[in-house]
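In my numbering, the protein residues as written are 1 to 367.
Backbone N, C-alpha and C define an ideal beta-carbon position, used for all residues, glycine too.
Only a predicted model underlies this, so the values are computations on that prediction, with no experimental measurement involved.
Below is one structure, written out as structure tokens; comments come after it.
Here's what the structure looks like:
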């Protein structure tokens with residue numbers, strides 16, 4: 001059984017590498033094709049939609065482009081230039097570094113490697129960027145709330161100690177909640193060296209909690225994927241991959257401090273090199289139907305990872321020129337349908353309780 005799990009994890013790893021959704025710390029051979037990834041979709045001001053885009057080469061490194069060459073399509077329909085309000089490089093970046101401090105991180109210098117990588121990420125902060133630190137073992141701790149102060153962050157990272165078990169999904173759910181009031185580009189980078197064995201929530205709960213402002217979660221495995229997911233030294237490779245794919249991030253792994261630090265600095269460069277596109281949706285009603293988004297480059301071929309969003313809405317909105325009376329009538333009709341079973345039941349009950357009508361006695365006439 002253990003061998004079967006290991007083989008399944010490795011097969012999924014090979015598939016993800018081929019698909020371009022996996023980024024190990026080691027360099028990969030490949031072409032120079034440009035890859036465009038929609039990392040975050042912000043619909044908090046719908047029908048205004050803001051997209052954050054990662055543009056990288058085949059090695060996963062940031063690739064510079066002219067933002068005016070980006071072309072947007074929603075449900076296959078090109079967005080007219082008049083609806084596009086801005087195309088520019090990303091501004092302020094907010095990052096939550098979520099670190100595993102369970103007891104297994106005391107083995108083989110893992111905690112020290114994680115601290116070095118976190119400090120390397122902090123060293124890349126630009127003016128205006130903010131970073132927060134969350135740790136998890138059996139409990140979840142917001143060690144350092146989002147701050148612009150790199151010295152505070154380094155002190156928080158250097159103070160970490162490892163013990164107890166692992167509750168990664170609990171930490172991520174809390175991280176999403178702590179990010180709720182933060183605007184702009186938001187990224188969570190979570191590092192773990194093993195299996196989640198203490199969370200009270202699951203992966204789907206984390207993904208469902210991501211609000212209309214959006215964010216990405218990138219997952220980093222510290223360890224050897226060849227160990228499989230049945231040992232303390234192993235990684236839940238499929239789980240980490242699925243989480244990153246579902247939250248618009250990427251999965252990576254590293255075996256030592258040097259490769260882990262290189263990975264964190266590469267993630268920082270990519271996040272800081274993203275582009276922002278803001279446009280008004282041509283379908284402005286909150287009709288509850290999903291929209292597919294595609295962004296391509298006009299001047300050269302590129303590999304594109306599509307994304308989507310749903311504007312929400314329980315009762316379909318009506319256009320500006322529609323009759324208000326029609327809308328009210330439709331609402332009343334739907335309400336009547338909702339209570340129809342109770343009305344029918346009540347009517348039947350009244351019939352059963354009504355005493356039978358008195359009838360006049362029949363009179364028989366005889367000669």
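Kindly indicate which three-state DSSP category residue i falls into: helix, strand or coil?
i: residue 269; result: helix
i: residue 258; result: helix
i: residue 79; result: coil
i: residue 29; result: Its pLDDT being 33, under 50, residue 29 is placed unreliably in this model, and the value from its coordinates should be taken loosely. Residue 29: coil per DSSP, three-state reduction.
i: residue 134; result: strand
i: residue 145; result: strand
i: residue 183; result: coil
i: residue 264; result: helix
i: residue 87; result: strand
i: residue 300; result: coil
i: residue 249; result: strand
i: residue 168; result: helix
i: residue 45; result: coil
i: residue 288; result: coil
i: residue 235; result: coil
i: residue 195; result: coil
i: residue 213; result: coil
i: residue 98; result: strand
i: residue 54; result: strand
Tell me which same chain residues have a C-beta within less than 6 angstroms of the C-beta of residue i, skipping the five on either side of it?
i: residue 128; result: 92
i: residue 310; result: 290
i: residue 119; result: 154 and 157
i: residue 213; result: 42 and 44
i: residue 55; result: 36, 63 and 65
i: residue 142; result: 134
i: residue 197; result: 165 and 166
So, at 8 angstroms on beta carbons, what are the nonlocal neighbours of residue i in its own chain, with the 5 sequence-adjacent residues on each side left out?
i: residue 202; result: 169
i: residue 303; result: 20, 33, 34, 35 and 36
i: residue 282; result: 74, 77, 79, 80 and 83
i: residue 136; result: 98, 99, 100, 101, 102, 166, 167, 168, 170 and 171
i: residue 308; result: 41, 290, 291, 292 and 293
i: residue 57; result: 32, 33, 34, 35 and 63
i: residue 257; result: 109, 112, 113, 116 and 117
Would you kindly work out how many angstroms separate the C-alpha atoms of residue i and residue j, rounded to a whole number?
i: residue 105; j: residue 138; result: 13 angstroms
i: residue 158; j: residue 114; result: 10 angstroms
i: residue 76; j: residue 294; result: 8 angstroms
i: residue 274; j: residue 280; result: 20 angstroms
i: residue 123; j: residue 133; result: 14 angstroms
i: residue 69; j: residue 298; result: 5 angstroms
i: residue 277; j: residue 121; result: 26 angstroms
i: residue 208; j: residue 219; result: 17 angstroms
i: residue 111; j: residue 271; result: 24 angstroms
i: residue 312; j: residue 176; result: 20 angstroms
i: residue 397; j: residue 152; result: The first residue shown for the chain is 1 and the last is 367, placing residue 397 beyond what the model contains.
i: residue 192; j: residue 221; result: 5 angstroms
i: residue 116; j: residue 266; result: 14 angstroms
i: residue 61; j: residue 269; result: 8 angstroms
Can you tell me whether residue i is buried or exposed, with buried defined as 16 or more other CB within 10 angstroms of its CB?
i: residue 89; result: exposed
i: residue 174; result: buried
i: residue 149; result: exposed
i: residue 300; result: exposed
i: residue 42; result: buried
i: residue 74; result: buried
i: residue 223; result: buried
i: residue 204; result: exposed
i: residue 200; result: exposed
i: residue 249; result: buried
i: residue 109; result: exposed
i: residue 18; result: Residue confidence is low: residue 18 scores 40 on pLDDT, short of 50, so the model does not pin down where it sits. Its coordinate-derived value is still stated next. Label assigned to residue 18: exposed.
i: residue 53; result: buried
How far does the alpha helix (DSSP H) with residue i in it reach, from first residue to last?
i: residue 92; result: Counting along the chain, residue 92 falls outside any alpha helix (DSSP H), and DSSP gives it neither H nor E.
i: residue 123; result: 110–123
i: residue 206; result: 203–209
How would you write the range of the beta strand (DSSP E) that residue i sits in, first residue to last?
i: residue 220; result: 216–222
i: residue 156; result: Run containing residue 156: none in the beta strand (DSSP E); it sits in the alpha helix (DSSP H), 150–158.
i: residue 279; result: 275–280
i: residue 128; result: First-last for residue 128: undefined, no H or E at that position.
i: residue 72; result: 70–74
i: residue 63; result: From DSSP, residue 63 is part of no beta strand (DSSP E); its letter is neither H nor E.
i: residue 307; result: 307–309
Using C-beta distances below 7 angstroms, list every residue in its chain close to residue i, excluding the 5 sequence neighbours before and after it, in chain order.
i: residue 179; result: 96, 186 and 215
i: residue 217; result: 172, 188, 190, 243, 244, 247 and 249
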